[in-house]
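Protein chains in written order, with my numbering: chain A, 2 to 107; chain B, 172 to 352. Where a beta carbon is used, it is the ideal one built from N, C-alpha and C, also for glycine. Structure record follows, encoded as structure tokens.
Here you go:
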């Protein structure tokens, strides 16, 4: 019995997902919220590739889903960071509590 | 007692680096350090993909994730230049923030606990043999582009291209200066 199996990979994925979720809930710096989102996506990607390897080894659909996932992650990072820069330009702060003041006329 | 093979040791070392670096990213005070530790956590993930017979996924992890997305993060960190002075996170948080932190910790522990419980309920799968072509660029290319007019993978990949184009247009419009018309 080897240790490197589906259980170990999925456990790693769950731990990464929970750690990223903790960061998304906890941090107030928007840059670190985005970094935590990337950690969550990393966990999901590990789950995709390992499920493909251990449960459906006759196809490569998990790898294809992984490619779609990093494409969406790239778009999300680009749009999120440009929103971050727009907020920073307005209020000189990157805390997410600043987003409550977006309604004020500045 | 489980006797560990070299593969298991490699997996344990890589997974340990990934988890420690990810937690460091989450808890780091300095965004520059957080970005650096995210890079440290993404490079061993490529090693895990290599162990899972997914060389193309490992290459994309290094090239696209670490090489493109995290360099974008680094650029933004350098651009907004987070001041080392007392940020609002270090000041005494108001009580609703403290309640939110407690809830965040409880929710993440619930996610981790229930997920790990579900995973440990799984039957221990034996070693699965894969074909020698599994995960190679040739096999994935055949999956994506064989018979392109009737292949749903080809069409959804083109949809992804359209999504990226829309994202570029939106990002350029959002980050354009206010006085540039």
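- Taking 9 Å as the cut-off, the Cβ atoms of residue 226 of chain B and residue 299 of chain B do not count as close.
- At least one beta carbon of chain B lies nearer than 9 Å to the beta carbon of residue 73 of chain A.
- Residue environment analysis places residue 342 of chain B among the buried positions, since at least 16 neighbouring C-beta atoms fall within 10 angstroms of its C-beta.
- For residue 74 of chain A, the enclosing alpha helix (DSSP H) has its first and last residue at 62–92.
- Proximity of residue 100 of chain A to chain B, defined by a Cβ-Cβ separation below 9 Å, is not satisfied.
- Inter-segment contact for the region 78–94 of chain A and the region 41–58 of chain A is absent: fewer than three beta-carbon pairs are separated by less than 8 Å.
- Put simply, the CB of residue 37 of chain A is near chain B, with a gap under 9 Å to one of its CB atoms.
- Judged by their CB atoms, residue 197 of chain B and residue 14 of chain A are not nearer to each other than the 9 Å cut-off.
- In the structure shown, the three-state DSSP call for residue 39 of chain A is helix.
- Cβ contact annotation for residue 30 of chain A (same chain, cutoff 7 Å, sequence separation greater than five): 95, 96, in chain order.
- Taking residue 178 of chain B as reference, the option from B/209, B/191, B/224, B/195 with the minimal CA-CA separation is B/224.
- Within chain A, no C-beta atom comes less than 7 Å from the C-beta of residue 177 of chain B; the nearest is roughly 10 Å away.
- By the C-beta density criterion, residue 206 of chain B is buried, having at least 16 other C-beta atoms within 10 angstroms.
- Contact between residue 279 of chain B and residue 4 of chain A is ruled out by a C-beta separation of about 25 Å, above the 8 Å threshold.
- Non-local beta-carbon contacts of residue 215 of chain B in its own chain, meaning distances under 6 Å to residues more than five positions away in sequence, involve 185, 188, 189 in chain order.
- In this structure, the CA atom of residue 58 of chain A is about 7 Å from the CA atom of residue 305 of chain B.
- For residue 202 of chain B, at least one C-beta of chain A is nearer than 9 Å to its own C-beta.
- Here DSSP, grouped into helix, strand and coil, assigns residue 317 of chain B to coil.
- Taking 9 Å as the cut-off, the beta carbon of residue 334 of chain B is found no closer than this to the beta carbon of residue 325 of chain B.
- When CB distances to chain A are screened at a threshold of 9 Å, the residues of the region 241–255 of chain B falling below it are 241, 243, 244, 246, 247, 248, 250, 251, 253, in chain order.
- Rounded to whole angstroms, the gap between the alpha carbons of residue 63 of chain A and residue 55 of chain A is 11 Å.
- With respect to chain B, the C-beta atom of residue 92 of chain A has no partner C-beta closer than 9 Å.
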